[in-house]
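One structure is given below, encoded as structure tokens.
The structure is reproduced here in structure tokens:
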């Protein structure tokens, strides 16, 4: 009988220890996400910063504007109005001034807004809203 009581006491203590340890780990994870020291994604976040414009630079149309990135990534494709081209434009962490060639065949209409899809090397897309004036 004495042996059974000892086993139950150890089993109860072990269960309590596991529950407390799990609670501490969960609390640390919640606090880490709350203060931003932990993130749930390893890919950089790229955002349009202000207005983008489409300009005609003689040999073709270009998308110009500023994007902000949380890390280094590259733009590997550009798509607008059914036209798409592969490109390779590096984006660094922080603010980046873009001057991206738009696909050949794309002829914007004066005074119109366009959704230009920039394909990023991490597999995500940035929808850049641009004006051709």
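In this note's numbering, the protein residues as written are -9 to 123. In this text, a Cβ means the ideal position worked out from N, Cα and C, and glycines have one as well. If you're wondering where the values come from, they're calculated on a predicted model, not measured in any experiment.
Identify the continuous beta strand (DSSP E) that holds residue i and give its terminal residues.
i, result
"residue 108", "102 to 110"
"residue 58", "51 to 59"
"residue 38", "36 to 38"
"residue 116", "115 to 122"
"residue 71", "Here residue 71 belongs to no beta strand (DSSP E), and DSSP marks it neither H nor E."
"residue 86", "84 to 91"
Taking the beta carbon of residue i as the centre, do at least 16 other beta carbons fall within 10 Å, making it buried, or is it exposed?
i, result
"residue 119", "exposed"
"residue 81", "buried"
"residue 65", "buried"
"residue 113", "exposed"
"residue 1", "exposed"
"residue 68", "buried"
"residue 18", "exposed"
"residue 96", "buried"
"residue 44", "buried"
"residue 53", "buried"
Look at residue i and residue j and say whether their C-beta atoms are less than 9 Å apart.
i, j, result
"residue 102", "residue 122", "yes"
"residue 106", "residue 63", "no"
"residue 108", "residue 90", "yes"
"residue 128", "residue 92", "Because residue 128 is not part of the residues shown, which for the chain are -9 to 123, the question remains open."
"residue 60", "residue 36", "yes"
For residue i, list the residues DSSP reports as bridge partners.
i, result
"residue 48", "Bridge partners of residue 48: none, in fact."
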